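Participant: Numbering (our numbering), first residue to last: 13 to 95. Don't be surprised by glycine CBs; every beta carbon is placed ideally from N, CA and C. These numbers come from a predicted model, not from an experiment. Mind looking over this structure? Questions follow.
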């Protein structure tokens, strides 16, 4: 499993660039979308560039319709980084 670690990192590296895109279908080859329909298969594509000295994982991601209603909230990635 993934474990949280604390410590001091020394060295130099570029500032990482984070890209998050929502893609049509299953997999990273789908086109980027800005709107989706209920039931449409989508892929959350998260890329961190310039990672010479960095490590990361995505966790606790939720999707919602903007209404702040718990009925419209769906967990995409759990606290452990799983789906």
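Using only the alpha-carbon positions, how far apart do residue 16 and residue 84 sit?
Facilitator: Reading the chain shown from its first residue, position 4 is the one you call residue 16. Reading the chain shown from its first residue, position 72 is the one you call residue 84. Roughly 30 Å between the two C-alpha positions.
Participant: Between the region 60-70 and the region 37-44, do three or more beta carbon pairs fall short of 8 Å?
Facilitator: Judged by Cβ distances under 8 Å, the region 60-70 makes no contact with the region 37-44, as fewer than three pairs qualify.
Participant: Between which two residues does the beta strand (DSSP E) containing residue 55 stretch?
Facilitator: Mapped onto the chain shown, residue 55 falls at position 43. Per DSSP, residue 55 belongs to the beta strand (DSSP E) from 54-61.
Participant: If we call anything under 8 Å between Cβ atoms a contact, is residue 91 one with residue 72?
Facilitator: Within the chain shown, residue 91 is the residue found at index 79, counting from 1. Within the chain shown, residue 72 is the residue found at index 60, counting from 1. Yes, these two residues count as a Cβ contact at 8 Å.
Participant: Grab the span of the beta strand (DSSP E) containing residue 31 for me, first residue to last.
Facilitator: Position 19 of the chain shown, counted from the first residue, corresponds to residue 31. 29-36 is the extent of the beta strand (DSSP E) around residue 31.
Participant: Are residue 69 and residue 93 closer than 8 Å when you measure CB to CB?
Facilitator: Looking up residue 69 in the chain shown gives position 57. Looking up residue 93 in the chain shown gives position 81. Result yes, Cβ atoms of residue 69 and residue 93 sit closer than 8 Å.
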